[in-house]
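Number of protein chains: 2
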Amino acid sequence: MSLEIDAAVFDVFGTLTDWRSSVTEELAEIGGRAGLHADWAAVTDAWRRRYRPVLGRVVAGELPWQPLDALHRIMLDEVLPGFGLDALGEPERAELVRAWHRLRPWPDAGPGLELLHDSPVITGTLSNGGVGLLARLTKQAGLRFDCVLSAELARSYKPAPQVYLTAAELLEVEPGRLLMVACHPDDLEAAAKAGLRTAFIPRPLEWGPAAAPADPPAGVDLVAEDVVTLAGLLRGRG
Amino acid sequence: MSLEIDAAVFDVFGTLTDWRSSVTEELAEIGGRAGLHADWAAVTDAWRRRYRPVLGRVVAGELPWQPLDALHRIMLDEVLPGFGLDALGEPERAELVRAWHRLRPWPDAGPGLELLHDSPVITGTLSNGGVGLLARLTKQAGLRFDCVLSAELARSYKPAPQVYLTAAELLEVEPGRLLMVACHPDDLEAAAKAGLRTAFIPRPLEWGPAAAPADPPAGVDLVAEDVVTLAGLLRGRG
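The following block contains the structure:
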């Protein structure tokens with residue numbers, strides 16, 4: 055199998071970072087400090103489940119484009135009452151939105167990205183998180199990239215095709231020589247439709263140990279166990 | 055003196071990299087391979103002297119915005135006849151444009167940026183080079199940044215104010231908490247006018263040993279001998 059690429063861009067929430075345990079921990083800490091109690095993992099899951107529908111409304115033009123932080127705040131405000139957490143104050147809510155800037159990486163993500171940094175492949179994020187969020191997140195998580203690319207630069211959100219095509223244009227690479235790496239089949243399907251190559255990394259624990267793991271999408275170019283394995287495959291082929 | 059900043063963005067051509075010796079070397083190699091002879095440093099200087107006027111025409115709206123690679127090519131084509139280098143072929147000209155993707159860093163740039171990466175300050179490029187150019191240049195030169203920002207993201211060129219303001223917006227920092235670092239007084243003057251803080255690093259050899267060095271602009275917030283010194287000053291204050 056031949057896969058000639060010049061650059062690889064990575065999904066971040068889920069593919070490189072464990073948003074579920076990170077956000078649950080911050081909810082427990084910040085909520086606990088405010089004297090509140092809840093099933094914090096369930097709050098995290100409910101928050102995250104609002105993500106795709108709300109971003110979908112932006113992609114469909116039903117909501118104006120706005121930074122992910124603003125959308126995260128809207129989703130949080132919608133979710134809290136259902137858990138009896140209306141009492142959570144303004145500064146706590148703002149701090150929780152910033153929990154998404156401080157996600158913990160999966161253990162293979164940092165070492166795998168270092169390996170790729172030492173290869174000829176140009177690496178970047180390609181996330182729905184904004185540029186500022188991604189710069190902070192990758193810095194504190196020790197995730198080394200050659201550049202930070204965001205859906206923000208296309209003023210849209212994945213899976214809109216212009217997000218993938220803007221990344222290729224900014225990197226000055228042909229879409230067919232740009233690899234999208236993600237654990238979400240719909241992200242990879244949209245990238246493939248825009249002409250990119252695709253690599254699937256399973257993250258069976260993304261939604262916790264009880265959730266059913268995702269299968270790789272049909273037609274994916276590469277499946278790798280983790281980022282270190284992916285780096286080995288790309289370096290071998292590079 | 056107090057200088058509270060959240061992020062620092064760096065000029066690249068001149069401030070972090072020695073474009074003159076790098077491009078002169080590539081001209082000598084590529085021109086020599088084509089059997090041509092010239093004062094290659096003079097060709098480099100003439101090429102670079104076209105830079106500000108041509109970018110100024112884009113900022114003034116007299117030329118449509120286009121990637122820096124395209125402008126570098128226009129400038130090169132204008133310069134070559136004056137040196138009797140009309141014979142230089144199409145592939146050689148294209149390769150020379152890419153010489154600006156492979157510039158050598160000044161020796162303090164890499165170590166200084168590593169120090170800043172280990173501080174709370176978010177670092178980025180802020181160059182007239184495009185995102186793809188900057189990703190390649192910083193990767194091969196070992197210049198570590200938390201993100202790559204370019205005038206391209208404002209579809210303009212420095213010293214247009216929207217270039218500086220777009221950087222602050224993407225980083226989600228107040229302009230007054232963003233530091234522009236450069237060896238060019240006009241870059242810093244424009245950044246200050248847009249509300250940024252400014253740091254001057256002298257690069258007396260930018261135009262070769264015979265050129266007069268630039269003075270720091272009036273009102274600059276910080277003057278540092280090199281990037282390592284700057285990192286020490288910012289970490290001390292951070």
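So the sequence lines, in the order shown, correspond to chains A and B.
Counting in my numbering, the first sequence runs from 55 upward without gaps.
Counting in my numbering, the second sequence runs from 55 upward without gaps.
By construction, the Cβ of each residue, glycine as well, lies at the ideal position given by its N, Cα and C atoms.
At a Cβ-Cβ threshold of 9 Å, B/Thr71 and B/Leu157 count as neighbours. The beta strand (DSSP E) runs of length 3 or more contained entirely in the region 133-216 of chain A are, from start to end of the chain, 176-181, 201-204.
Contact between B/Asp275 and B/Ala253 holds, with the beta-carbon distance rounding to 6 Å and staying under 8 Å. Between the alpha carbons of A/Ala246 and A/Ala189 lies a distance of about 26 Å. Among the residues facing chain B, A/Ala148 is not included, as its CB has no counterpart in that chain under 9 Å away. According to the DSSP secondary-structure assignment, A/Ala253 is paired through a beta bridge with A/Val235, A/Leu276. Residues of the region 225-238 of chain A that bring their beta carbon within less than 9 Å of a beta carbon in chain B comprise Leu225, Glu226, Val227, in sequence order. Per DSSP, reduced to three states, the secondary structure at A/Val63 is strand.
Under the DSSP assignment, B/Gly85 falls in the alpha helix (DSSP H) whose first and last residues are 73-87.
Segment contact: the region 159-166 of chain B against the region 109-122 of chain B, fewer than three CB-CB distances shorter than 8 Å; contact not assigned. Nearest CB-CB separation between B/Asp123 and chain A: below the 9 Å threshold. Apart from the 5 residues on each side of it in sequence, B/Glu146 sits with its Cβ closer than 7 Å to the Cβ of Ile84, Ala88 in its chain, given in chain order.
An exposed status is given to B/Gly136, since fewer than 16 other beta-carbon atoms sit within 10 Å of its beta-carbon. If you compare the alpha carbons of A/Ala153, A/Leu197, A/Val217 with that of A/Arg127, the shortest gap goes to A/Ala153. Cβ-Cβ distances below 6 Å link A/Trp73 to Phe67, Leu157 in the same chain, with the five nearest sequence neighbours on each side left out; the list follows chain order.
B/Arg104: not part of any alpha helix (DSSP H); DSSP gives it neither H nor E. With the rule of 3 Cβ pairs closer than 8 Å, the region 198-208 of chain A counts as touching the region 171-184 of chain A. For B/Leu142 and B/Glu243, the gap between their C-alpha atoms comes out near 38 Å.
For the region 188-200 of chain A, the residues whose beta carbon sits under 9 Å from a beta carbon of chain B are, in order, Leu188, Ala189, Arg190, Thr192, Lys193, Arg198, Phe199, Asp200. When secondary structure is reduced to three states using DSSP, B/Leu90 falls in the coil class, being assigned neither helix nor strand.
A/Leu287 is not a Cβ neighbour of A/Val63, given a cutoff of 9 Å.
In this structure, B/Leu224 places its C-beta atom within 9 Å of the C-beta atom of A/Gly184. CA-CA distance, A/Glu116 to A/Arg104, rounds to 15 Å. A/Thr98 sits in a helix when the DSSP states are folded into three classes. Comparing alpha-carbon positions, the option among B/Ser173, B/Trp94, B/Ala236, B/Glu279 lying closest to B/Leu139 turns out to be B/Trp94. Within the same chain, Ala253, Ile255, Leu284, Leu287 come within 7 Å of B/Ala278 by CB-CB distance, once the 5 residues on both sides are set aside. Taking a Cβ-Cβ threshold of 9 Å, the residues of chain A close to B/Ile176 are Gly186, Ala189, Arg190, Lys193, in chain order. Distance from B/Leu250 to B/Pro263 at the Cβ level is roughly 32 Å; contact not present, criterion being Cβ atoms closer than 8 Å. A/His171 and A/Val281 have their alpha carbons spaced roughly 12 Å apart.
Collapsing the DSSP output to three states places A/Leu57 in coil. Nearest to B/Pro239 by alpha-carbon distance, out of B/Lys193, B/Gly273, B/Ala222, B/Leu207, is B/Gly273. Distance from the Cα of A/Gly196 is smallest, within the candidate group B/Asp65, B/Lys212, B/Ser173, B/Ser210, for B/Ser173.
Counting of Cβ neighbours within 10 angstroms places B/His91 among the exposed residues, the total staying below 16.
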